[in-house]
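To convert, count from 1 in the sequence shown and add 440; that's the working numbering.
Heads up, the beta-carbon is just placed ideally off N, CA and C, and yes, glycines get one too.
Being a predicted model, the structure only gives us computed values, none of them experimental.
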Amino acid sequence: MMNTYQINFEPTGKSGRCKGNQSLLDCANQVGMGIVSICGGHGWCHSCKVQILEGAVSKPTASERKIFSPEEIKKGFRLACQTYPEGDVKLFVPPESMTTIQRLQVEGFEIAVTPDSTVRSYNISLPAPSLSDLQADVERTFQGLNNQKIYCNNIDIEVLKNISNLLRSWDWKVKVFVRGSEVIAIGPQSSRQLGLAVDLGSTKIAAYLIDLESGANLAARGVTNPQFSYGEDIVTRLSLVLEKKGGGKLMQKVVIDELNRLLVALCTEVNAQPDEVVAAVIVGNTAMHHLLLKLPISQLAHAPYIPVVKAALDIKARDLGLNIAPGAYVHILPNIAGFVGADHVAMLLSTKPIWQKDDLALAIDIGTNSEISLISNGEISALSCASGPAFEGAEIKNGMRATAGAIERLRISNDRVDYLTIDEAEPIGICGSGILDAIAQLRLAGIVDKSGRMLNNHPRVRDNKGQREFVIVTEEERNGRPAITITQTDVRAIQLAKGAIRSGIQVLLATHNRSPEEIKKVVIAGAFGSYIDISSAITIGMLPSLPLNRFEQIGNAAGTGAKLALVSRSKVKEAQQIASEVHYIELGAVPDYTNFLMEAAALDEY
């Protein structure tokens, strides 16, 4: 029998017993201790750094010896995914390695729309049955609806099981919820008609509780996607499902459990009950879509990246395990193709009032997998590009997620570096927006050239382990702790990430035979896009060199699109129309795409 050991995680105090063949990262996932694992536990992203305080663990791996100095290893610094307990262990998880305190983007711009939900509610008062009135309970309910010229011929099986008790407990005065010709819920006449909109992102989940009668946003919350602990990028998660028995079930369960926790929190905030939620809309990229629905993913994970289904879906909430009204449906917006999914459709839906005004516009959602659309005279072309996790702080020596203490703004003035950190906390690393600023400032100062080479021409440039690095915060400024730096390798990682986005934009422009200066509007959505300095993105050649007033950072546009589809039947149809009209471009099929990508790596404006 495999030995089990007590594992204690500081400073949270979470603990549990784990087997000796489980890594500390596996142990963390088992006890609900969120540790960042961008690569899914393969040892290359270095995001799961921890410090062993007490206890025996396995010897450091080659991967760990590559990133930690002998002194750091002696102090107990390890990668959680590479370290296995050999006895009871106490370890410290630093803030930059935690998944639970990331700054998340929930808010987006709002669009006024006339409420017209797919679910309608009707108050009816029914005569009680008697010896002279023997009509069955369901038919009696249908008759009450017919009296209001509402014709139903179907009733959800879960409602059917409970309707007799419910009618009598509420003295035959009820509110009936109807979708199409089906009764999907029944409650007291005081019941509210609520809906749940969800943007199921790879990194975060944003959920909104909506009053379907008024369209009002009652409450909103955002959390880190719990799948994040099993790998940040979608390819890693798909690989886990393909390689690990039960991986697909696990990926779906952790998301549904989190959605149910969010549901309870939202309802508690407005003194409502989860069973008052009678409709839901969920959007996500194609991978999130398939993992949520437990669809086969082997054909999606490999070229030519074929989804199981493109069309919109309507699924009973109970079939997903979502604890809203038992007869309620979850509407899943349509996908486009490849990894461009329902979240991008939702983004296009919500931003249509912006981009339809101009003859040439860009709509971008920047992330680990960035989705880009070019709208040229009403024609939409879309693609996805693997911009990688560098903008999330991965593959960057001192990179971290957008949590307290992350450097998010940076300026270089002669020999001085000025910076701002999230929550004005002491600097512990640098997040995506700060990394973008740093590369732009290094370029403007002439410390990094167009090719991305770091020059030894500044007092803050030094050699460390065979490569140059620029010191942002010195050891002295950190009271003896390691300096926060940008290395030559970091610059190359950002070149690849921004090059993927730039090449995607240039492919779209070439497809329509248009030039960058013709773009009248650039809509930037998503959490990362909401916080970046547009000038920095232009300086390094990630975004086209255009007047700043042509750019619009709009927050969580996918969440806004999900809310629109929840509240309005016409917006559901509009989303389906948009998805059907988008021309998808698979970059792997673009002739000479490698040349586009190589040219796009240059750190210059375009």
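Is it buried or exposed for residue i, if we count other Cβ within 10 angstroms and need 16 for buried?
i: residue 866; result: exposed
i: residue 829; result: buried
i: residue 553; result: exposed
i: residue 664; result: buried
i: residue 1038; result: exposed
i: residue 572; result: exposed
i: residue 677; result: buried
i: residue 988; result: exposed
i: residue 708; result: exposed
i: residue 858; result: exposed
i: residue 692; result: buried
i: residue 916; result: exposed
i: residue 774; result: buried
i: residue 807; result: buried
i: residue 448; result: buried
Of all the options the options, which has the alpha carbon lying nearest to the alpha carbon of residue i?
i: residue 602; options: 522, 590, 581; result: 581
i: residue 872; options: 726, 930, 894, 886; result: 930
i: residue 514; options: 497, 754, 484, 445; result: 497
i: residue 1029; options: 776, 824, 508, 695; result: 824
i: residue 956; options: 1020, 640, 814; result: 814
i: residue 914; options: 838, 892, 988, 881; result: 838
i: residue 400; options: 454, 596, 555, 1024; result: What the structure shows of the chain is the stretch from 441 to 1046, and residue 400 is not part of that stretch, so it cannot be assessed.
i: residue 804; options: 492, 962, 630; result: 962
i: residue 597; options: 625, 461, 794; result: 625
i: residue 657; options: 575, 636, 644; result: 636
i: residue 892; options: 449, 444, 881; result: 881
i: residue 1027; options: 1015, 745, 474, 889; result: 745
i: residue 985; options: 969, 993, 958, 667; result: 958
i: residue 453; options: 472, 779, 569, 765; result: 472
i: residue 641; options: 631, 999, 1021; result: 999
i: residue 495; options: 509, 516, 479; result: 516
i: residue 770; options: 1012, 801, 952, 451; result: 1012
i: residue 604; options: 989, 910, 578; result: 578
i: residue 459; options: 476, 474, 528, 502; result: 528
i: residue 560; options: 695, 470, 655; result: 655
i: residue 853; options: 983, 1017, 898, 463; result: 898
i: residue 613; options: 595, 565, 1025, 449; result: 565
i: residue 538; options: 506, 1036, 477, 1001; result: 477
i: residue 592; options: 568, 574, 621; result: 621
i: residue 697; options: 764, 737, 719; result: 764
i: residue 1022; options: 1033, 788, 885, 938; result: 788
According to DSSP, is residue i part of a helix, a strand, or is it coil?
i: residue 892; result: coil
i: residue 686; result: coil
i: residue 642; result: coil
i: residue 960; result: coil
i: residue 825; result: strand
i: residue 691; result: helix
i: residue 672; result: coil
i: residue 837; result: coil
i: residue 633; result: coil
i: residue 666; result: helix
i: residue 972; result: coil
i: residue 568; result: coil
i: residue 450; result: strand
i: residue 605; result: helix
i: residue 591; result: coil
i: residue 846; result: strand
i: residue 697; result: helix
i: residue 444; result: strand
i: residue 864; result: helix
i: residue 555; result: coil
i: residue 653; result: coil
Would residue i pass as an interface residue toward chain C - the criterion being a Cβ-Cβ separation below 8 Å?
i: residue 692; result: Included in the structure is just one protein chain, with no chain C present.
message = Report the start-end ranges of each beta strand (DSSP E) in the segment 452-485 that is 3 residues or longer and not cut off at the edges.
response = If we require 3 residues or more, the beta strand (DSSP E) runs fully inside the segment 452-485 come out as 454-459.
ask   = Which ranges would you report for the beta strand (DSSP E) in the segment 707-752 if only whole runs of at least 3 residues count?
value = Correct list: 717-724.
key: Length-filtered (3 minimum) beta strand (DSSP E) runs lying within the segment 978-1021   = Within the segment 978-1021, the complete beta strand (DSSP E) segments of 3 residues or longer fall at 991-993, listed in chain order.
ask   = In the segment 483-514, which residue ranges form an unbroken alpha helix (DSSP H) of at least 4 residues, counting only runs that do not cross its ends?
value = Fully enclosed alpha helix (DSSP H) runs of 4 or longer: 502-507, 510-514.
request  = Only counting runs of 4 or more residues, tell me where the alpha helix (DSSP H) segments fall wholly within the segment 762-814, in order along the chain.
outcome  = 782-795, all fully within the segment 762-814.
query = Taking only runs of the alpha helix (DSSP H) that begin and end inside the segment 870-921, which ones reach a length of at least 4 residues, in chain order?
reply = Segments of the alpha helix (DSSP H) lying fully in the segment 870-921: 872-884.
inquiry  = Measuring CB atoms only, is the segment 1006-1015 touching the segment 921-930, in the sense that at least three cross pairs come out at less than 8 Å?
reply    = By the criterion of at least three beta-carbon pairs nearer than 8 Å, the segment 1006-1015 is not in contact with the segment 921-930.
request  = Please determine if the segment 732-750 and the segment 607-614 are in contact, where contact requires at least 3 C-beta pairs separated by less than 8 Å.
outcome  = Flag = no, the segment 732-750 and the segment 607-614 do not touch.
message = Taking contact to mean 3 or more Cβ pairs, one atom from each stretch, closer than 8 Å, check whether the segment 773-793 and the segment 935-948 are in contact.
response = The segment 773-793 and the segment 935-948 do not touch, with fewer than 3 CB-CB distances between them shorter than 8 Å.
Touch test, the segment 486-504 against the segment 522-539, Cβ-Cβ under 8 Å, three pairs minimum = By the criterion of at least three beta-carbon pairs nearer than 8 Å, the segment 486-504 is in contact with the segment 522-539.
ask   = Just checking, does the segment 694-706 make contact with the segment 642-659 on the three C-beta pairs under 8 Å criterion?
value = Touching, yes.
task = Give a yes or no on contact between the segment 662-678 and the segment 717-724, applying the rule of three or more CB pairs nearer than 8 Å.
result = The segment 662-678 is not in contact with the segment 717-724.
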